[in-house]
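As you go down the protein sequences, you meet chains A and B in turn. In my numbering, each number is its position in the first sequence, counted from 1, plus 9. In my numbering, each number is its position in the second sequence, counted from 1, plus 1391. Ideal Cβ placement from N, Cα and C applies to all residues, glycine included. Given the structure is predicted, the values throughout are model-derived calculations rather than measurements.
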Amino acid sequence: MTGSLKKMKTETALIAVCAADLVAFAALKVSPGFFAGIIGILALVMTGYLPVKLQAKLGSLAVLTLVFTLGFASKASGDIFFIGLIGILVVLIRTDRAPVWTKVLIGAAILLASIPFAGFKDTFLFELAIQIGIFAAMAMGLNVVVGMAGLLDMGYTAFFAIGAYTWGIFGSPQAHSFMAGHFPLNGNLMFLFMGLAVLATALTGIIIGLPALRLRGDYLAIVTLGLGEVIRVLANNMDHPVNITNGPQGITPVSRPDIGWFRSALSAIGVPLDARTDYQLFFYFLVLLVIGIVIVVNINLGKSKFGRAWVAIREDEIAARSMGIPMIKTKLYAFATGAAFSGAMGVIFAAQRTFVSPETFTMLQSTTILGMVVLGGMGSIEGAILGAASLTILNIDLLKGFSEYLNELKQGGTVIFGYHLSSLPSQLDPAKYERLVFGLVIIFMMIFRPTGLLPERRRKAEEAEDDDDIPEITETGKGGQS
Amino acid sequence: MSGYAVEVKNLTKRFGGLIAVNEVSMSVKPGEIFSVIGPNGAGKTTFFNLLTGINKPDSGNLLLDGRDVVGLAPEQVAARGVGRTFQNIRLFGAMTVLENVLVGRYVHIRTPYPSALARTPGCRREEKKAAERSLELLDYMGIASRAGELARNLSYGEQRRLEIARALALDPRLLLLDEPAAGMNPQETEELKKLIRALRTDMDLTVVLIEHDMSMVMSISDRIVVLQFGSVIAEGLPAEIRANTKVIEAYLGSGAAAGGGAASSDPATTESRAAAGNGATGEHHA
């Protein structure tokens, strides 16, 4: 009785906050849109954590989607609404009881309408969404290697680089410098090169994996770390004697596919595109499509005998092999699959940026992607996506945005508690502490939530297993022999 | 062809200065239930690890169904129809009971990697077939109702059963059981005995088992081999082993040999005797 009363109260509270948000929005002219965004985020957190009825939950998600989308039309910076939309997607994924059609409906509204709308208002948000997408696809690829198969790969960017250079070299005049032919190749061949990059990186993964995967844990991590550096240094230095990669200057311009059909298709449904947004929207949709494929493949693998073999090897190598699971071959499959995802994203990356240079493919990049997988929850697909979204937003949006804000204050001669901000040394610029914040986030995650934000069911169980090893001890304590 | 399911000749394995298995020879006939016993540290588990390719022997021959398996990796030995369980249960604790058995089904699921990526109809068919067979095995072992449970949440006895089900999923011709009755009460042991006998006929198996429970060993085995300090000290029918003075000495220490009756059929006393034997035979196993 009291339970249902309490429930009633939480629901009323939720509805009240949602309504307040809408009102704040209606009064946009007097209250800044930012305020509506903050209330919206509050409502979202309540929706995520309060035990409310399913209908109330879905209803509030739908209202919030509307609010955040309208938010882009306000004068406030779109960041907060963008983060809100990502948050809605996360809550949606975690609402297990929701019928599939509602999930698809709200999800599609956000991905196909709200975010493009945001992008039209502010092209930076398009850029942000595409970056998140590319990293999410890579994080899911690395998730197969690290999360499912438990192989610590510290040089994952190597495959990203191979993919990017595969198209970068042939999709630009660069290939002229070492072979005859008509270069750059037609931009439409990018799709073919995605396939080629998948094959090339999978093959590289196998060649490198054959010796490396005989090693365990730390040793494998060191070997892959070395591999990542080798590829970057190669890219940096293969400009002589034969100029293949154009060295540190990088390669530009890289061709993009012809999107006349895309433009006309969109104008046919009433969405006119200009030169600023057409390729952004195109690459946004392309990345979404690839992510969709990557998700399906991930799920399929998880349910197949190979997915089970990975988990088995991760949990107990001896037992797994005694069940007939070929160790090296199984690990190679994981390694090559992860590499292939990364290679395909490399091609898209090269075309979207129209520029490839070695400095994109640093060790830091590899650790960032690994950080995304760990942060999101190893082995969990939605975790990899959330990890990619949060770290990308943190890196290229929040800290930089905060820096800019601080700069404005400095230039405006703001005084806080008698302290002149203009005398703040430039060493304290928040954008310079990107990596510090990244490191702190990872450290705190490992201490307080080692299984990640959205842990996979199995990993969760493994974690719990490590905590109570009592049955293990009584057993080994028994007939201990040889 | 030798006609033996397992044929071992002069098998030796050293770990540094310790000779864990020393010039061991034995042969197991198809369809036999064959027991390997001996005090703690006698080299029984090492012997199993040599059979399954987890350890490589330093010298000697190892034939399964007449074919040399020395130098094969564990997965290759398993693919030749050797299923095993482990002394300290080694289930995949964070997988469900059904998934554990499905892992054992690995070599029989004929899905090429690309069709697993796309989850083609062929892949689904194979998965369905494997799941059906796995449920059948779980049913046979009496734990079908637990199929969706995480393996780590099963009781001890159920975990032992699950481990056997997982080994059976390989459709083995040879089943190696490492102390299957460890930690079981007399009633559970009795059920296990029935089960192993039934398995042999229902699944056409040869069973080799390591066991400390003497009442079980004596009543279930067709033949027994006794290891001590890595060497075979006796081989024969249960009755012969029971009467063998060397065996009695090995278990009770040389002073107690005159007391005889090393193989009482009371499991409780056997357990304590095994422990006593352990103390007497000594420092060796540390």
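- Tell me which same chain residues have a C-beta within less than 7 Å of the C-beta of residue 69/A, skipping the five on either side of it? Contacts found: 23, 27, 52 and 56.
- Task: Using 6 Å as the cut-off, classify the Cβ of residue 98/A as near or not near the heavy atoms of the ligand HEM, replying yes or no.
- Result: This structure lacks the ligand HEM; in fact it carries no ligand of any kind.
- Query: Hey, how far is the Cα of residue 129/A from the Cα of residue 287/A?
  - Reply: Cα to Cα, residue 129/A sits roughly 10 Å from residue 287/A.
- Message: Suppose the cutoff is 8 Å on Cβ atoms and the five residues either side in sequence are ignored; what does the same chain contact list for residue 1534/B look like?
- Response: Correct list, in chain order: 1488, 1545, 1549, 1552, 1553 and 1556.
- Query: Who are the Cβ neighbours of residue 1587/B in its own chain at under 8 Å, not counting the five residues just before and after it?
  - Reply: For residue 1587/B, where only same-chain residues beyond five positions count, the Cβ hits under 8 Å are 1424, 1568, 1571, 1598, 1600 and 1611.
- Below 8 Å between beta carbons is the criterion; list the residues of the region 1495-1510 of chain B that meet it against any residue of chain A, in chain order. Taking 8 Å as the Cβ-Cβ cut-off against chain A, the residues of the region 1495-1510 of chain B that qualify are 1495, 1496, 1497, 1498, 1500, 1502, 1504, 1507, 1508, 1509 and 1510.
- Task: Name, going along the chain, the residues of the region 1571-1600 of chain B whose beta-carbon falls closer than 8 Å to a beta-carbon of chain A.
- Result: For the region 1571-1600 of chain B, residues whose beta-carbon sits nearer than 8 Å to a beta-carbon of chain A comprise 1573 and 1574.
- Is there contact between the region 1410-1417 of chain B and the region 296-303 of chain A, where contact requires at least three CB pairs shorter than 8 Å? Between the region 1410-1417 of chain B and the region 296-303 of chain A, the count of C-beta pairs closer than 8 Å stays below three; the two stretches do not touch.
- Query: Which word fits residue 376/A, buried or exposed, when buried means at least 16 other C-beta atoms lie within 10 angstroms of its C-beta?
  - Reply: Classification of residue 376/A: buried, given that the 10 Å Cβ count is 16 or more.
- Hey, does residue 325/A have any beta-carbon neighbour from chain B nearer than 7 Å? Contact with chain B is found for residue 325/A, since one of that chain's Cβ atoms lies less than 7 Å from the residue's Cβ.
- Task: Select from the region 332-358 of chain A all residues with a C-beta closer than 7 Å to any C-beta belonging to chain B, and list them in chain order.
- Result: Answer in chain order: 332, 333, 334, 335, 336 and 342.
- Closest Cβ-Cβ distance between residue 1490/B and chain A: below 7 Å? Yes, because at least one Cβ of chain A sits closer than 7 Å to the Cβ of residue 1490/B.
- Message: Less than 7 Å between CB atoms is the rule here; does residue 315/A satisfy it with respect to chain B?
- Response: True, the Cβ-Cβ gap to chain B drops below 7 Å.
- Mind checking if residue 1465/B is an interface residue toward chain A, Cβ cutoff 7 Å exclusive? Judged by the 7 Å Cβ criterion, residue 1465/B is in contact with chain A.
- Task: Would you check if the distance between the CB atom of residue 1493/B and the CB atom of residue 306/A is smaller than 7 Å?
- Result: It is not a contact, given that the beta carbons lie outside the stated cut-off.
- Taking 7 Å as the CB-CB cut-off, is residue 309/A touching chain D? Considering every chain present, this structure includes no chain D. Its protein chains are A and B.
- Give me the Cβ distance between residue 496/A and residue 147/A, rounded to the nearest whole Å; I'm assuming they're in contact under 8 Å. Because chain A in this structure spans residues 10 to 491, residue 496/A falls outside the shown range and cannot be described.
- Message: By the DSSP assignment, the beta strand (DSSP E) with residue 1569/B in it spans what residues?
- Response: Counting along the chain, the beta strand (DSSP E) containing residue 1569/B begins and ends at 1565-1569.
- Rounded to the nearest angstrom, how far is the Cβ of residue 1496/B from that of residue 1521/B, given a contact under 8 Å? A Cβ-Cβ distance of about 4 Å is found for the pair residue 1496/B and residue 1521/B, placing them in contact under the 8 Å criterion.
- Task: Let me know the beta strand (DSSP E) ranges lying completely inside the region 289-363 of chain A, each 3 residues or longer, listed in chain order.
- Result: Listed in chain order, nothing qualifies, since the region 289-363 of chain A has no complete beta strand (DSSP E) run of 3 or more residues.
- Would you kindly work out how many angstroms separate the C-alpha atoms of residue 1502/B and residue 91/A, rounded to a whole number? The C-alpha of residue 1502/B lies about 42 Å from the C-alpha of residue 91/A.
- Item | Short Cβ contact (7 Å threshold) for residue 380/A with residue 465/A | No; because the gap between Cβ atoms is not below 7 Å, this pair is not in contact.
- Message: Quick check on residue 1508/B: does DSSP put it in helix, strand or coil?
- Response: Residue state, collapsed to three classes: helix.
- Who does residue 1601/B pair with in a DSSP beta bridge? Paired residue(s): 1427/B and 1569/B.
- Answer yes or no: does any C-beta atom of chain B fall closer than 7 Å to that of residue 54/A? No, its Cβ sits nowhere closer than 7 Å to a Cβ of chain B.
- Query: In chain order, what residues of the same chain lie with their CB nearer than 7 Å to the CB of residue 1394/B, ignoring the 5 residues before and after it?
  - Reply: Excluding sequence neighbours, residue 1394/B sits near nothing in its chain.
- Message: Looking at the secondary structure, which residues open and close the beta strand (DSSP E) in which residue 1403/B lies?
- Response: That run of the beta strand (DSSP E) goes 1397-1406.
- When you compare only the Cα positions, how much space is there between residue 1408/B and residue 392/A? Computed Cα separation, rounded: 50 Å.
- Query: Using the beta-carbon of each residue, which ones in chain B are nearer than 7 Å to residue 467/A?
  - Reply: Neighbourhood of residue 467/A in chain B, by CB distance below 7 Å: 1485 and 1486, in chain order.
- Mind checking which residues open and close the beta strand (DSSP E) that includes residue 167/A? Element bounds for residue 167/A: not the beta strand (DSSP E) but the alpha helix (DSSP H), 166-179.
- Message: Buried or exposed, going by whether 16 or more other CB atoms sit within 10 Å of the CB of residue 165/A?
- Response: With 16 or more other Cβ atoms within 10 Å, it is buried.
- Message: Measuring alpha carbon to alpha carbon, tell me which residue in 1566/B, 1532/B and 1573/B is nearest residue 1475/B.
- Response: Among 1566/B, 1532/B and 1573/B, the Cα nearest to that of residue 1475/B belongs to 1566/B.
- So what does DSSP say about residue 157/A, is it helix, strand or coil? Secondary structure of residue 157/A (DSSP, three-state): helix.
- residue 320/A touches chain B at which residues, Cβ-Cβ below 9 Å? Simply 1483, 1485, 1486, 1490 and 1494.
- By the 10 Å Cβ neighbour count, where 16 or more other Cβ atoms means buried, how is residue 347/A classified, buried or exposed? In this structure residue 347/A is buried. Its beta-carbon is surrounded by 16 or more other beta-carbon atoms within 10 angstroms.
- Query: For the beta strand (DSSP E) that residue 1623/B lies in, which residues bound it at each end?
  - Reply: Element bounds for residue 1623/B: 1622-1627.
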